[in-house]
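Beneath this line is the structure, given in structure tokens, with notes to follow.
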Amino acid sequence: MPNKRPNILFVLTDQQRPEWVEMNPDIPVRTPHLRQLADRGIWLANAICPSPVCAPSRSCLVAGQEYDRTQVWGNDTYPPDNLPKYHQHLRDEAGYHVMAAGKHHTGNNQSGDPPQFHRGVDGRQGLEEWGFSDAIFNAGLNQATILMRRNDMVPQDSYMAFLHGRGLAQEHIADYARRNQEVVWTATFPTTLPNKKYF
0 MPNKRPNILF VLTDQQRPEW VEMNPDIPVR TPHLRQLADR GIWLANAICP
50 SPVCAPSRSC LVAGQEYDRT QVWGNDTYPP DNLPKYHQHL RDEAGYHVMA
100 AGKHHTGNNQ SGDPPQFHRG VDGRQGLEEW GFSDAIFNAG LNQATILMRR
150 NDMVPQDSYM AFLHGRGLAQ EHIADYARRN QEVVWTATFP TTLPNKKYF
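Residue numbering for the sequence shown follows numbering that gives the first Met the number 0, beginning at 0 and increasing consecutively.
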């Protein structure tokens with residue numbers, strides 16, 4: 000008997016205003032793939048962002064709670080280990096294989112050692128406690144370079160593996176080390192690697 004449960008694809012983008020998608024009738028922009036997803040799925044036209052800061056906003060979404068109930072006040076706040084997670088319910092109670100890809104920054108992880116890189120060498124530490132079956136994290140973030148500098152360990156997350164496979168990992172790490180004191184408040188840096196190296 001075929002499985003009647005629907006597949007769930009949840010797409011969350013940063014800083015994408017509703018004016019930037021075709022579903023807004025007042026703006027003449029074409030986004031055919033997003034239009035198709037909306038037509039075949041659920042379009043939340045009246046959704047609002049619960050916090051102007053990214054990690055607290057994502058934590059509200061993950062927990063299904065209002066801002067003041069998540070206890071994640073900023074990007075550097077540790078969410079409580081008992082924060083409920085929607086995707087954990089999907090995995091544990093509904094039997095879904097829950098996969099996360101990309102940036103899933105919901106604040107720092109209280110179960111890890113805050114001064115250290117909390118996802119581990121391969122980027123997979125904490126998957127179980129956060130409710131994931133599998134994940135590909137860290138792409139584009141500087142967490143891998145922090146791991147290398149703080150622990151003298153070779154990071155093996157997907158982004159660094161991608162760079163390593165193209166002979167660019169050391170150049171990326173050296174560039175980060177050169178610029179480390181320039182901008183201390185951000186978690187991402189534009190790469191100096193040439194665009195053609197990514198294709």
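Glycine is no exception: its CB is placed at the ideal position from the N, C-alpha and C atoms.
Bear in mind that the values here come from a model prediction, so they are computed numbers and not experimental data.
Enclosing alpha helix (DSSP H) for residue i [first to last residue]
i: Cys-53; result: 53 to 62
i: Thr-69; result: 66 to 69
i: Arg-34; result: 31 to 39
i: Gln-15; result: Note, Gln-15: premise wrong, no alpha helix (DSSP H); not H, not E.
i: Glu-127; result: 126 to 129
i: Leu-89; result: 85 to 91
Buried or exposed by the 16-neighbour rule on C-beta atoms within 10 Å, applied to residue i
i: His-171; result: buried
i: Ser-110; result: For Ser-110, the predicted structure reports a pLDDT of 38, less than 50, and the residue's modelled location is therefore unreliable. A value from the coordinates is still provided. Exposed, by the Cβ-count rule.
i: Trp-129; result: buried
i: Ala-46; result: exposed
i: Arg-165; result: exposed
i: Ala-54; result: buried
i: Cys-48; result: exposed
i: His-86; result: buried
i: Met-98; result: exposed
i: Ala-210; result: One cannot answer for residue 210 here, as it falls past the ends of the chain, which runs 0 to 198.
Own chain partners of residue i with C-beta closer than 7 Å, once the 5 adjacent residues on each side are dropped
i: Asn-6; result: none
i: Ala-37; result: Met-22
i: Val-52; result: Gly-73, Asn-74
Chain-order list of residues whose beta-carbon lies under 8 Å from that of residue i (same chain, five-residue window excluded)
i: Gly-40; result: Leu-8
i: Val-61; result: Leu-82, Lys-84, Tyr-85, His-86, Thr-105
i: Val-10; result: Leu-36
i: Val-19; result: Checking the displayed sequence, the identity of residue 19 turns out to be Trp instead of Val. So the list reads Ile-26, Val-28, Thr-30, once near-sequence residues are dropped.
6 Å Cβ shell around residue i - same chain, five flanking residues per side excluded
i: Arg-34; result: Glu-21
i: Gly-94; result: none
i: Leu-89; result: Tyr-95, Val-97
#### Entry: Touch test, the stretch 79 to 91 against the stretch 61 to 70, Cβ-Cβ under 8 Å, three pairs minimum
Below 8 Å, enough C-beta pairs join the stretch 79 to 91 and the stretch 61 to 70 to call them touching: three or more.
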